[in-house]
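K.L.:
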Amino acid sequence: MRLFLRTCGLLCLFVLVACEGAPKSFQIKPPAFCKSDADCFDISKSCVGGLCQYKAKTDLCGNGFCDASETCKTCPQDCSAACGSCGDSVCDVGTGENCASCPSDCGCKLPQVCNRSKLSCEKTCGNGVCENTYNENCETCPGDCKCPAGRACTKGSCFNACGDGRCDAAENENCTSCPDDCGCPDGTQCQNGRCGAACGDGTCDDTQGENCSSCPTDCACKTSGEICANGLCQAPCGDGFCEIARKENCDTCPSDCSCPSQQYCDVVSGGCLPYCGDNQCDANRGENCSTCASDCKCNDKQACSGGSCVCVKQCAGKECGDDGCGGQCGSCSGATTCDTGTNKCECTHECTLGDGECTGGKGYRRCLLDASGCRVWQTGTCQNTCEDDGVCCDCGSKVCGSDGCGGSCGACSSKANCVSGQCQCTHECNSVGELRCSPQSNGKYEECFADASGCRYWSEKSCSGGRTCVNGQCCTPTCSGKECGSDGCGGQCGSCSSGGGTCFSGLCPRTLEIISIKVPCRHALCRDYRGNSSDKRPDVIVSVQLSNGQKFYMPTRQNMECDKEVQVNWKGVTGVDPAGLNGMSIAVLDKDGSSSATVCASWWRDFSGYTSETTFSNNFIDIKLKVTK
Numbered sequence: 031m032r033l034f035l036r037t038c039g040l041l042c043l044f045v046l047v048a049c050e051g052a053p054k055s056f057q058i059k060p061p062a063f064c065k066s067d068a069d070c071f072d073i074s075k076s077c078v079g080g081l082c083q084y085k086a087k088t089d090l091c092g093n094g095f096c097d098a099s100e101t102c103k104t105c106p107q108d109c110s111a112a113c114g115s116c117g118d119s120v121c122d123v124g125t126g127e128n129c130a131s132c133p134s135d136c137g138c139k140l141p142q143v144c145n146r147s148k149l150s151c152e153k154t155c156g157n158g159v160c161e162n163t164y165n166e167n168c169e170t171c172p173g174d175c176k177c178p179a180g181r182a183c184t185k186g187s188c189f190n191a192c193g194d195g196r197c198d199a200a201e202n203e204n205c206t207s208c209p210d211d212c213g214c215p216d217g218t219q220c221q222n223g224r225c226g227a228a229c230g231d232g233t234c235d236d237t238q239g240e241n242c243s244s245c246p247t248d249c250a251c252k253t254s255g256e257i258c259a260n261g262l263c264q265a266p267c268g269d270g271f272c273e274i275a276r277k278e279n280c281d282t283c284p285s286d287c288s289c290p291s292q293q294y295c296d297v298v299s300g301g302c303l304p305y306c307g308d309n310q311c312d313a314n315r316g317e318n319c320s321t322c323a324s325d326c327k328c329n330d331k332q333a334c335s336g337g338s339c340v341c342v343k344q345c346a347g348k349e350c351g352d353d354g355c356g357g358q359c360g361s362c363s364g365a366t367t368c369d370t371g372t373n374k375c376e377c378t379h380e381c382t383l384g385d386g387e388c389t390g391g392k393g394y395r396r397c398l399l400d401a402s403g404c405r406v407w408q409t410g411t412c413q414n415t416c417e418d419d420g421v422c423c424d425c426g427s428k429v430c431g432s433d434g435c436g437g438s439c440g441a442c443s444s445k446a447n448c449v450s451g452q453c454q455c456t457h458e459c460n461s462v463g464e465l466r467c468s469p470q471s472n473g474k475y476e477e478c479f480a481d482a483s484g485c486r487y488w489s490e491k492s493c494s495g496g497r498t499c500v501n502g503q504c505c506t507p508t509c510s511g512k513e514c515g516s517d518g519c520g521g522q523c524g525s526c527s528s529g530g531g532t533c534f535s536g537l538c539p540r541t542l543e544i545i546s547i548k549v550p551c552r553h554a555l556c557r558d559y560r561g562n563s564s565d566k567r568p569d570v571i572v573s574v575q576l577s578n579g580q581k582f583y584m585p586t587r588q589n590m591e592c593d594k595e596v597q598v599n600w601k602g603v604t605g606v607d608p609a610g611l612n613g614m615s616i617a618v619l620d621k622d623g624s625s626s627a628t629v630c631a632s633w634w635r636d637f638s639g640y641t642s643e644t645t646f647s648n649n650f651i652d653i654k655l656k657v658t659k
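Here my numbering is used: the first residue of the sequence shown is 31, the next is one more, and so on.
Here it is, written out as structure tokens:
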């Protein structure tokens, strides 16, 4: 049977096909030899009888993790979180699925593995340590869990396959790694794990495993400048070009495939990875809390400033005490000391407030409050003598109050209070000589004086000659020539009943009244020329124009009688400024039909003084008028 297996293995290797034709009774599963569980590199296996074997279901169920061999049905106590959803190819975190409870849905992708304590995928592969707790083995992390020489990795376990009489390519067995199981047939030799014709026949036969490495005599590189590397003819590393097709990377050819300054070469993948994020704060590469906060984190009592972690002082609510950074939050002054429990400045009182005593000779000390509110002894020297209670029998700079020995240092005026030997005033006015009208509005005024204690006060005085007080001054009312308006001292010279109470520069509004008009018959200008020439009656209009340009017209009196004083009593000019009557013009006109009015007579003068009926004559025409308020 050993000969059959050996022959079958060699034949399968030679034709590069799996040995599937042997009878099942002759198919031997390669064992995984071990001395302890650690040699199995798989937490789901244990070393039994020198072989790595899967643990019994009872060994795994109940360990708190839903292992790959467990399901919701086979081990509900470990896989309860995933029951009902685990296995649907969807990692449902909301139902408690994770890489530990449901690896079939939430399995980690290389190079990450499941951290069963944190129930999350982490990249531990590549740290040089084969960690079974993170499910690392020779299959999931070959870089950290490399099988020892002579062993091959199969389904996460290292098997000592060589010597079992079976040449198993799946276990990396070949004529080089395991010549006992995979010896070459006669007439062939082993070249880099393959049996082929003897090297040196002048033919480079790659089907027999010959290449520039395994058989340089037959497969020498022919292109100038090429070198043989890993069985391939390629340009030498160092030509300045990083050629991925020739398997050049930062690990195999760092001179051509160097990483940028802020990256490093990952020997597992051959790729460049950033230093920032590798959980190592490397100051030599410019990493600090500003440039790479993930690797260079500051602690809870620090803050990042200018790339450095600096201590943040903890002084909120403190007056004194440790600031947490080797300094103090403040210092206490006077008789206060820092209470380390409250971090407040507290008084150390020396005496009872108000106590005093003589200290010998003229010296004394008294218990007073300092600037911090602490009771402390304050010393001094009396000018004369000191009483037993520490009071000096002298006035010194005092102007009032006790001399300390039953006497008095002086008295203050009625407008001052004695405070600490000094008269303190409550001033009524700002400066001596200041004037104001009496608040009682009685026409009097007040002047500011100072008493013996220097206290300023108001003294009331009366204005003489019928004057009254205005803005602190005695004022004489002026109403001469005025009928209305201000008297200059806050009073009025009178009021007007006409014109809505309007006052024009001290005068009330005026009304001009035209009382009567007399036009002679057969007047050269004022007579009717319409139709009957014997009709001499004019159509009279009176026009009034004030000196300010304002005009007034009396309604037309048609066929007014002539040679007779006709009463018109027209008061059409009312409420006007008396100044407008000075320079006022009055005209009597005759209006015949559509013809323009003819001026029969006119007057121009100052009419403001004619307050009684007055007749004015001109061009044989009389007009009687008067001006009233």
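All residues carry an ideal CB built from backbone N, CA and C; glycine is no exception. These figures come from a predicted structure and were not determined experimentally.
Where C328 and C295 are concerned, what is the direct C-alpha to C-alpha distance, given to the nearest angstrom?
P.N.:
Along the sequence shown, read from residue 1 onward, the residue named residue 328 stands at position 298. Along the sequence shown, read from residue 1 onward, the residue named residue 295 stands at position 265. Spanning the two alpha carbons is a distance of roughly 27 Å.
K.L.:
Which term fits I651, buried or exposed, when burial requires 16 or more other beta carbons within 10 angstroms of its beta carbon?
P.N.:
Here residue 651 refers to the residue found at position 621 when the sequence shown is read from its first residue. Classification of I651: buried, given that the 10 Å Cβ count is 16 or more.
K.L.:
Start and end of the beta strand (DSSP E) containing C339?
P.N.:
For the purposes of this step, residue 339 is taken as residue 309 along the sequence shown, with counting starting at 1. Per DSSP, C339 belongs to the beta strand (DSSP E) from 338-341.
K.L.:
Shortest alpha-carbon distance to G393 belongs to which of L399, S402, W407?
P.N.:
The residue given as residue 393 occupies position 363 in the sequence shown. For G393, the nearest C-alpha among the options comes from W407.
K.L.:
Going by DSSP, what residues sit across from Q413 in a beta bridge?
P.N.:
Sequence index remark: in the sequence shown, residue 413 carries index 383 (1-based). None, per the DSSP bridge assignment.
K.L.:
Taking its Cβ as the centre, do 16 or more other Cβ atoms sit within 10 Å of F534, making it buried, or is it exposed?
P.N.:
In the sequence shown, counting from the first residue as 1, residue 534 sits at position 504. Under this definition F534 is a buried residue.
K.L.:
Return the bridge partner residues of G386 from the DSSP annotation.
P.N.:
What you label residue 386 is simply residue 356 of the sequence shown in a count that begins at 1. Looking at the DSSP assignment, G386 forms a beta bridge with R396.
K.L.:
For D135, which three-state DSSP category applies?
P.N.:
The sequence position of residue 135 within the sequence shown is 105, counting from 1. Correct three-state label for D135: helix.
K.L.:
Here's the rule: buried if 16 or more other CB atoms are within 10 angstroms of the residue's CB, otherwise exposed. What is I274?
P.N.:
As a working mapping, residue 274 is identified with position 244 in the sequence shown. Exposed, since its Cβ has fewer than 16 Cβ neighbours within 10 Å.
K.L.:
Taking three-plus beta-carbon pairs below 8 Å as touching, is the segment 243-253 in contact with the segment 261-280?
P.N.:
Yes: the two stretches touch, three or more of their Cβ pairs being nearer than 8 Å.
K.L.:
So C272 and D286 are supposed to be a Cβ contact under 8 Å. How far apart are they, rounded?
P.N.:
The sequence position of residue 272 within the sequence shown is 242, counting from 1. The sequence position of residue 286 within the sequence shown is 256, counting from 1. The Cβ separation is near 5 Å, so the contact holds.
K.L.:
With a threshold of 6 Å on Cβ separation, who are the neighbours of G440 within its own chain once the five nearest residues in sequence on each side are excluded?
P.N.:
Here the question's residue 440 lines up with position 410 in the sequence shown. So the list reads V429, C430, once near-sequence residues are dropped.
K.L.:
Ends of the beta strand (DSSP E) at D620?
P.N.:
Along the sequence shown, one-based indexing puts residue 620 at 590. Its beta strand (DSSP E) spans residues 612-620.
K.L.:
What does DSSP give as the partner residue(s) for A480 in the beta ladder?
P.N.:
Walking along the sequence shown from the start, residue 480 turns up at place 450. Beta-bridge pairing links A480 to R486.
K.L.:
Report yes if the CB atom of C155 is closer than 9 Å to the CB atom of E169, and no otherwise.
P.N.:
Residue 155 sits at position 125 when you count from the first residue of the sequence shown. Residue 169 sits at position 139 when you count from the first residue of the sequence shown. Against a cut-off of 9 Å, the Cβ pair of E169 and C155 comes out as no contact.
K.L.:
Within the continuous beta strand (DSSP E) that includes V449, where are the two ends?
P.N.:
Position 419 of the sequence shown, counted from the first residue, corresponds to residue 449. Start and end: 446-449.
K.L.:
Go to E152, then tell me how far its beta strand (DSSP E) extends in each direction, as first and last residue.
P.N.:
The residue given as residue 152 occupies position 122 in the sequence shown. Segment 150-152, the beta strand (DSSP E) holding E152.
K.L.:
For the beta strand (DSSP E) containing E543, name the first residue and the last one.
P.N.:
On the sequence shown, residue 543 is found 513 positions in, with the first residue counted as 1. Per DSSP, E543 belongs to the beta strand (DSSP E) from 540-549.
K.L.:
By DSSP's criteria, D593 is part of a beta bridge. Which residues make up the other side?
P.N.:
For the purposes of this step, residue 593 is taken as the residue at position 563 of the sequence shown. Note: D593 sits in no beta bridge, so no partner.
K.L.:
Can you grab the Cα-Cα spacing for the pair F56 / K185, in whole Å?
P.N.:
The count along the sequence shown starts at 1 and reaches residue 56 at position 26. The count along the sequence shown starts at 1 and reaches residue 185 at position 155. Annotation note: pLDDT 30 at F56 (below 50); position unreliable, coordinate value reported separately. For F56 and K185, the distance between alpha carbons rounds to 22 Å.
K.L.:
Tell me whether Q221 sits in a helix, a strand or coil according to DSSP, three-state version.
P.N.:
Indexing the sequence shown from 1 puts residue 221 at position 191. Reduced to three states, the DSSP call for Q221 is strand.
K.L.:
Compute the distance between the beta-carbons of T372 and G420, then report whether it is under 9 Å.
P.N.:
Position 342 of the sequence shown holds residue 372. Position 390 of the sequence shown holds residue 420. Cβ atoms of T372 and G420: not closer than 9 Å.
K.L.:
Given K548, which residues of its chain have a CB within under 6 Å of its CB, disregarding the five upstream and five downstream residues?
P.N.:
For this step, residue 548 is matched to residue 518 along the sequence shown. Only E595, D652 meet the Cβ criterion.
K.L.:
Are there 16 or more other CB atoms within 10 angstroms of the CB of P585, so buried, or fewer, so exposed?
P.N.:
Translated into positions along the sequence shown, residue 585 becomes position 555. Exposed is the call here.
K.L.:
Please classify S366 as buried or exposed, where buried requires at least 16 neighbouring CB atoms within 10 angstroms.
P.N.:
Indexing the sequence shown from 1 puts residue 366 at position 336. According to the sequence provided, residue 366 is Thr. The question's Ser does not apply to it. So T366 ends up on the buried side.
K.L.:
How would you label I58, buried or exposed, when you count the other beta carbons within 10 angstroms and need 16 or more for buried?
P.N.:
Position 28 of the sequence shown, counted from the start, is the residue given in the question as residue 58. The pLDDT assigned to I58 is 32, lower than 50, so where the model puts this residue is not dependable; a value taken from the coordinates is nonetheless given after this. So I58 ends up on the exposed side.
K.L.:
Does the distance from the C-beta atom of F637 to that of N599 stay below 9 Å?
P.N.:
The residue given as residue 637 occupies position 607 in the sequence shown. The residue given as residue 599 occupies position 569 in the sequence shown. No; because the gap between Cβ atoms is not below 9 Å, this pair is not in contact.
K.L.:
Is DSSP giving E376 helix, strand or coil here?
P.N.:
Counting from one through the sequence shown, the residue named residue 376 turns up at place 346. The answer is strand: DSSP assigns E376 an E or B state.
K.L.:
Mapping the DSSP letters down to three states, classify H181 as helix, strand or coil.
P.N.:
Mapped onto the sequence shown, residue 181 falls at position 151. Looking at the sequence provided, one finds Arg at residue 181 rather than His. In this structure, R181 counts as coil in the three-state DSSP scheme.
K.L.:
Please identify the residue among G384, Q413, G232 whose C-alpha is closest to the C-alpha of C404.
P.N.:
As a working note, residue 404 is residue 374 in the sequence shown. Comparing Cα-Cα distances from C404 to each of G384, Q413, G232, the minimum goes to G384.
K.L.:
Thinking C-alpha only, which one of C105, C416, S320 is nearest C91?
P.N.:
One-based indexing of the sequence shown puts residue 91 at position 61. Considering only alpha carbons, the answer is C105.
K.L.:
In terms of alpha-carbon separation, which member of D400, C519, R567 lies closest to T506?
P.N.:
Here residue 506 is taken as the residue at index 476 of the sequence shown, counted from 1. Among D400, C519, R567, the Cα nearest to that of T506 belongs to C519.
K.L.:
Would you mind giving the Cβ-Cβ distance between G117 and S134, rounded to the nearest angstrom? I have them listed as a contact below 8 Å.
P.N.:
Taking the first residue of the sequence shown as position 1, residue 117 is located at position 87. Taking the first residue of the sequence shown as position 1, residue 134 is located at position 104. Right, their Cβ atoms sit about 5 Å apart.
K.L.:
Since F582 sits in a beta bridge, which residues does DSSP pair it with?
P.N.:
Residue mapping note: residue 582 aligns to position 552 of the sequence shown, counting from 1. Answer by DSSP bridge pairing, in chain order: V574.
K.L.:
CB-CB under 6 Å to G524, same chain, minus the five flanking residues each way: which ones, in chain order?
P.N.:
As a working mapping, residue 524 is identified with position 494 in the sequence shown. Counting only Cβ-Cβ distances below 6 Å, and skipping sequence neighbours, we find E513, C514.
K.L.:
Could you round the C-beta distance between T574 and L619 to whole angstroms and report it? I think they count as a contact, below 8 Å.
P.N.:
In the sequence shown, the residue the question calls residue 574 occupies position 544. In the sequence shown, the residue the question calls residue 619 occupies position 589. Reading the sequence as shown, one finds Val at residue 574 and not Thr. Their Cβ separation, rounded to whole angstroms, is 12 Å, which puts V574 and L619 out of contact at 8 Å.
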